[in-house]
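Protein sequences appear in the order of chains U and E. According to the working numbering, the first sequence holds residues 14 to 202 in order. According to the working numbering, the second sequence holds residues 14 to 202 in order. Note that CB positions come from ideal geometry on N, CA and C, so glycine has one too.
Protein chains: 2
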Amino acid sequence: MDDPIFDFLSKYIDLTEEEKAIISDIKFVRSLKKGTILLRQGDMASECFFILKGCVYSYYLVEGEVKVTEFFVEKQPITPVSYTNKQPSEYYLECLEDCIISMGSAERTAELMQKIPRLALMGPMMLEDELASQRIKYDTFIKLSPEQRYLHLQENSPQFLERIPQYLIASYLGIKPESLSRIRKRLVK
Amino acid sequence: MDDPIFDFLSKYIDLTEEEKAIISDIKFVRSLKKGTILLRQGDMASECFFILKGCVYSYYLVEGEVKVTEFFVEKQPITPVSYTNKQPSEYYLECLEDCIISMGSAERTAELMQKIPRLALMGPMMLEDELASQRIKYDTFIKLSPEQRYLHLQENSPQFLERIPQYLIASYLGIKPESLSRIRKRLVK
DNA sequence: GACCTTTCTTAACCCAAGTCAATGAAAAAC
DNA sequence: GTTTTTCATTGACTTGGGTTAAGAAAGGTC
């Protein structure tokens, strides 16, 4: 059983084969085309997600302009703010590639928790990890110039540069595509 | 009993008078002079903090330059990343004014949890709140230009503009003090 | 008050990112 | 395979923040 979900869960908890079977039984997996919108600004998030294959990005639409805040790839969970705080979402979630995604509704989560109560222990651990990485992301952005941010991305997430179009990378770095082109040109020398 | 701590805790949990007495008994409060450093880059955080009075800020030192990431004021908890993940801190915490601060060590927290077990329920709730506000902070920074960030601060945290020197506000907004001066001048017109 | 330190403002000049427009390259659609 | 659309690059020009340096204003101290 080499499902990416179990790979992910094993970071937090050791599951027996029976427990894995229960999870496999309850989980709800969907194939989604590139361009599919998982969550729209203004909508309530009724699901959280786990990416089995593909790539998803989150963005705000500010005066018609896309502002990318995050890329998610294989083995990453996505818990929309809207799912947690029950307010309409401020941002979009969209598939950047054809994706295979496991969807988690409140009902299915409740069913899982009922059948495997100790799964609840994972919640705070995941929250802690999420908070730490969110803080690091903010602090990195603050500390670095656009050029340094590009180098940092090259260093730390080179896969992104290969599979994600440059105009979205530019937005993620807080600059325009033309500026990213120039930065790349500068760096070649 | 109008201690700011109980005001804060009441957001998450209703405490009996006995429980409040236990907390008052265990809590450890210190008066600290302006300029006191609560946490140094490279040090392990052995305490978390709750501000009863005063103002604290966090900053990185990048090539000798101060990069402010956060201001904390009355009724705010401060849980250093280093306290949670047991790694040396990457940033500093310093008193911006004379402060009265309640300090929380792992030992005192354990003692509290033992005497009032249901306090443990608060942990995940606080984490969730922290995560949401951290995300909003990042997203706001990404979405706005320096001038818009200043207007946003003026709108949402006007107290900061009164009690915090402008060169630290500038750093928090990601710009130099001279640029903030110019932005303010532009906006007057 | 006089002195010193810290903070804020202004001005001149520089540079990197934004804007606008054109072109080329690559990918998608037919 | 051709057409159409999307994406990336380049150039000319603008704009806003960085740099440096000087001086003004505000706060503390003796």
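Please report how far the alpha carbon of E191/E lies from the alpha carbon of P159/E, in whole angstroms.
One C-alpha to the other measures close to 13 Å.
Could you please tell me which residues of the stretch 113-139 of chain U, in chain order, have their CB closer than 8 Å to any CB of chain E?
Within the stretch 113-139 of chain U, the qualifying residues are G136, P137.
Quick check on the DSSP output: what are the complete alpha helix (DSSP H) runs of length 4 or more inside the stretch 141-170 of chain E, in order along the chain?
Within the stretch 141-170 of chain E, the complete alpha helix (DSSP H) runs of at least 4 residues are 159-169.
Where does V69/U land, buried or exposed, given buried means 16+ other C-beta within 10 angstroms?
Result: buried.
Report the residues of the stretch 145-156 of chain E with a CB closer than 9 Å to any CB of chain U, ordered along the chain.
Listed in sequence order: A145, Q147, R148, I149, K150, Y151, D152, F154, I155, K156.
Quick check on S187/U - is its C-beta less than 8 Å from some C-beta in chain E?
Before going on, a small fix: residue 187/U reads as Gly here, not Ser. Cβ-Cβ to chain E under 8 Å: yes for G187/U.
Using a C-beta cutoff of 8 Å, does N169/U count as contacting chain E?
Answer no: the Cβ-Cβ gap between N169/U and chain E never drops below 8 Å.
In chain U, which residues lie less than 9 Å from Y73/E when you measure between Cβ atoms?
Those within 9 Å of Y73/E in chain U are D152, I155, K156.
Can the beta-carbon of V79/E be found closer than 8 Å to that of S184/E?
Yes, they are a contact pair.
For S12/U, I'd like the list of residues in its chain whose CB is within less than 6 Å of its CB, leaving aside the five on either flank, ordered along the chain.
It is not possible to answer for residue 12/U, since the shown part of chain U is limited to 14 through 202.
Are there 16 or more other CB atoms within 10 angstroms of the CB of P93/E, so buried, or fewer, so exposed?
Label assigned to P93/E: buried.
If you measure from the beta carbon of K80/U to each beta carbon in chain E, is any gap under 8 Å?
Yes, its Cβ sits closer than 8 Å to a Cβ of chain E.
Between which two residues does the beta strand (DSSP E) harbouring M116/E extend?
Looking at the DSSP string, the run of the beta strand (DSSP E) that includes M116/E is 112-118.
Would you mind giving the Cβ-Cβ distance between L106/U and L52/U, rounded to the nearest angstrom? I have them listed as a contact below 8 Å.
Contact holds; Cβ gap of about 4 Å.
Quick one: what's got a C-beta closer than 8 Å to S102/E's C-beta in the same chain, skipping five residues either side?
L52, R53, Q54, G55, D56, M57, A58, P93, V94, S95.
Should the stretch 119-127 of chain U be called in touch with the stretch 158-178 of chain E, which here means at least 3 C-beta pairs below 8 Å?
Touching, no.
At the 8 Å Cβ level, is V69/E part of the contact set with chain U, yes or no?
For V69/E, the answer is no, since every Cβ of chain U falls outside 8 Å of its Cβ.
Does the beta carbon of M141/U come closer than 8 Å to any beta carbon on chain E?
Checking the sequence shown, residue 141/U turns out to be Glu, not Met. Yes - at least one Cβ of chain E is within 8 Å of the one on E141/U.
For V69/U, which residues does DSSP report across the bridge?
V69/U pairs with F85/U, C108/U.
Would you say V94/E lies against chain U (beta-carbon separation less than 8 Å)?
Interface residue, yes.
Report back the beta-carbon spacing between E110/U and P17/U to the nearest angstrom; my notes put them in contact at under 8 Å.
Not really, about 15 Å apart at Cβ, beyond 8 Å.
Identify the residues that DSSP records as bridge partners of P190/U: which are they?
Answer by DSSP bridge pairing: none, since P190/U is not bridged.
What in chain E is Cβ-close to T97/U, meaning under 9 Å?
What T97/U touches in chain E: E141, L144, A145.
Would you tell me roughly how many angstroms separate the C-alpha atoms of D152/E and Q100/U, rounded to the nearest one?
Rounded to the nearest angstrom, the two C-alpha atoms are 16 Å apart.
Using only CA atoms, which one of F154/E, D27/E, Q147/E lies nearest to G187/U?
Of F154/E, D27/E, Q147/E, the residue nearest in Cα terms is F154/E.
Can you tell me where the alpha helix (DSSP H) holding S37/U begins and where it ends?
Start and end: 30-39.
Give the secondary structure of P90/E by DSSP, where H, G and I count as helix, E and B as strand, and everything else as coil.
Strand at P90/E.
Please state whether the Cβ-Cβ distance between A108/E and P90/E is less than 8 Å.
Sequence check: residue 108/E is Cys here, not Ala. Not in contact: C108/E and P90/E (Cβ atoms no closer than 8 Å).
Quick check on G48/E: buried or exposed, where buried means 16 or more other Cβ atoms within 10 Å of its Cβ?
G48/E should be labelled exposed.
What separation, rounded to the nearest whole angstrom, lies between the Cα atoms of R199/U and Y163/U?
Between R199/U and Y163/U, the C-alpha separation is close to 12 Å.
For S95/E, does the three-state DSSP call read helix, strand or coil?
Three-state result, S95/E: helix.
Which same chain residues end up closer than 7 Å to I10/E when comparing Cβ atoms and leaving out the 5 residues on each side of it in sequence?
Residue numbering for chain E in the displayed model covers 14 to 202; residue 10/E lies beyond these limits and cannot be assessed.
Are there 16 or more other CB atoms within 10 angstroms of the CB of R148/U, so buried, or fewer, so exposed?
Looking at its Cβ environment, which holds 16 or more other Cβ atoms inside 10 Å, R148/U is buried.
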